[in-house]
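Here the structure is laid out as structure tokens; the discussion comes afterwards.
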Amino acid sequence: MKSLVSTCSQLLPTRRPDSLDNHPSQPSQPSQFLVRTIQAEKHNSQLLMMKSLLSSCSQLLPTRRPDSSNDHPSQPSRPSQSLRNIPTIQGLLEAGVKICKGKGRSFLDIKFRKGVMEIPYVLIQDSTNILLRNMIAYEQIHCPERFCFTVYAVLMDYLIHTTKDVEELTYKGIIDNSLGSHEDVALLFNRIGKGIILSGDHDILNLIAEVNRYCSSKQHKWRAKLVHDYFSNPWAIFSLIGALVLLLLTCEQLYTFAGNVTSRHTRSTNTSVRPTKATQVRERSFLQHESRRRARQKLKLQRIHTEIESEEA
1 MKSLVSTCSQ
11 LLPTRRPDSL
21 DNHPSQPSQP
31 SQFLVRTIQA
41 EKHNSQLLMM
51 KSLLSSCSQL
61 LPTRRPDSSN
71 DHPSQPSRPS
81 QSLRNIPTIQ
91 GLLEAGVKIC
101 KGKGRSFLDI
111 KFRKGVMEIP
121 YVLIQDSTNI
131 LLRNMIAYEQ
141 IHCPERFCFT
151 VYAVLMDYLI
161 HTTKDVEELT
171 YKGIIDNSLG
181 SHEDVALLFN
191 RIGKGIILSG
201 DHDILNLIAE
211 VNRYCSSKQH
221 KWRAKLVHDY
231 FSNPWAIFSL
241 IGALVLLLLT
251 CEQLYTFAGN
261 VTSRHTRSTN
271 TSVRPTKATQ
281 VRERSFLQHE
291 SRRRARQKLK
301 LQRIHTEIES
311 EEA
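Per full-length UniProt numbering: the sequence shown = residues 1 to 313.
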């Protein structure tokens, strides 16, 4: 740059020698214009480089639907409050949401369907902090209608609160941690997302609303708690199976006992109401036997009475 300025200044007209004696040496007006022009071109080249970097990154980002862009002009809206209700990674797991590694090309290609959240792979290294801060600052000034990096930074800030969240994302293969510790990654996103005001409309806000509706369901929480308490290790599964078998055997015994009692009660009820033919035959034979026995006793008494009378006579 200095060689270019010196080379160009040699081609420009200089002041007269007498003017050099009376006044201290100062750069001429054309050279000043040339220096300012070169500095402006240097500044513009930096802006163009930043724009090209943003455009290269934005090619990987999900685009808006064309109907929404044509029907409604982009207008800044109030700061979004829906991101403040996002559970952390641990909160999502407790609510029954499964976290897995996504296959999208963009870091914002986050999907949620049927209780499964897909988050694309991201490499966290030393330059990530500087890159995110610069891109967020650039979006705040030059791209107020599309906060891609800002939304990602704020979203990760709310998803990651502790080292357990980072550990879970690292275990799933979503975060490739090159910083060294999980705490460094958590501090990186918590510091970047601090104080950022998110305005405008973004497609990811609809996804967050779906996640919040899923997490508010008590049925999903109970199912997740059941899986965590009784299906987290083989011993818990075996104990649950044993308890279920014991419960089934107890129910079977109760059912058998209740069936026997019911059948006995039914037989006794049917007998008292309408006796069978065999019962009637037994009853008739019993009555005949009783009548014969009484007749024999009567004859015996008559004989004894007759004998007594004969002896007295």
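Glycine included, every Cβ here is placed at the ideal spot set by N, Cα and C.
Residue i - DSSP class collapsed to helix/strand/coil
{"i": "V122", "result": "strand"}
{"i": "D176", "result": "strand"}
{"i": "K98", "result": "strand"}
{"i": "R105", "result": "coil"}
{"i": "K218", "result": "helix"}
{"i": "K298", "result": "helix"}
{"i": "Q90", "result": "helix"}
Alpha-carbon to alpha-carbon, residue j and residue i
{"i": "K238", "j": "K98", "result": "One point to set straight first is that residue 238 is Phe, not Lys, in the sequence displayed. One C-alpha to the other measures close to 24 Å."}
{"i": "L159", "j": "N177", "result": "16 Å"}
{"i": "E312", "j": "S285", "result": "41 Å"}
{"i": "S127", "j": "C143", "result": "22 Å"}
{"i": "V211", "j": "I86", "result": "8 Å"}
{"i": "P79", "j": "I196", "result": "Confidence in P79 is poor, its pLDDT being 39 and thus under 50, which makes the residue's placement unreliable; the coordinate value appears in the next sentence. Roughly 10 Å separates the two Cα atoms."}
{"i": "S25", "j": "I141", "result": "Since pLDDT at S25 reaches only 44, below the 50 mark, its modelled position is unreliable, and the value read off the structure follows with that caveat. Rounded to whole angstroms, S25 to I141 spans 41 Å at the Cα level."}
{"i": "G96", "j": "L246", "result": "29 Å"}
{"i": "S310", "j": "Q302", "result": "12 Å"}
{"i": "I304", "j": "S291", "result": "20 Å"}
{"i": "L299", "j": "I308", "result": "14 Å"}
{"i": "M135", "j": "G242", "result": "57 Å"}
{"i": "I89", "j": "N129", "result": "21 Å"}
{"i": "L287", "j": "T279", "result": "12 Å"}
{"i": "A258", "j": "C251", "result": "10 Å"}
{"i": "V281", "j": "H289", "result": "12 Å"}
{"i": "Q253", "j": "N260", "result": "11 Å"}
{"i": "V122", "j": "L248", "result": "50 Å"}
{"i": "Y255", "j": "L244", "result": "16 Å"}
{"i": "L179", "j": "V166", "result": "12 Å"}
{"i": "Q297", "j": "T306", "result": "14 Å"}
{"i": "K218", "j": "Y171", "result": "27 Å"}
Residue range of the unbroken alpha helix (DSSP H) whose run includes residue i
{"i": "D184", "result": "H182 to I192"}
{"i": "F149", "result": "C148 to L159"}
{"i": "K164", "result": "T163 to Y171"}
Neighbourhood of residue i by C-beta, 7 Å cutoff - its chain only, sequence neighbours within 5 removed
{"i": "T163", "result": "H182, E183 and A186"}
{"i": "L132", "result": "F149, A153 and I192"}
{"i": "H23", "result": "Caution applies to H23, whose pLDDT of 43 falls short of 50 and renders its modelled position unreliable; the value that the coordinates give is listed next. The answer is none, since no qualifying residue turns up."}
{"i": "S107", "result": "Residue 107 is actually Phe in this sequence, not Ser. P120, V122 and Y152."}
Integer-rounded CB distance, given that residue j should sit under 8 Å from residue i
{"i": "L205", "j": "F112", "result": "The pair is not a contact, with the Cβ atoms about 12 Å apart (cut-off 8 Å)."}
{"i": "I110", "j": "I175", "result": "14 Å between Cβ atoms; not a contact."}
{"i": "G115", "j": "Y214", "result": "6 Å"}
Other residues of its chain near residue i: CB distance less than 6 Å, five sequence neighbours each side excluded
{"i": "G173", "result": "K101"}
{"i": "A137", "result": "none"}
{"i": "F189", "result": "M156, D157 and I160"}
{"i": "K194", "result": "none"}
{"i": "Q75", "result": "Any answer about Q75 is weak, because its pLDDT of 39 lies below 50 and its placement is not dependable; what the coordinates show is given next. Excluding residues within five positions, none has a Cβ falling inside 6 Å."}
{"i": "P27", "result": "Unreliable positioning characterises P27 in this predicted model, as indicated by a pLDDT of 44, which lies under 50. The coordinate reading is nonetheless provided below. None."}
Unbroken beta strand (DSSP E) run spanning residue i, endpoints
{"i": "K111", "result": "K111 to R113"}
Cβ shell of residue i (< 8 Å), same chain only, five flanking positions each side left out
{"i": "K103", "result": "E118 and P120"}
{"i": "T262", "result": "none"}
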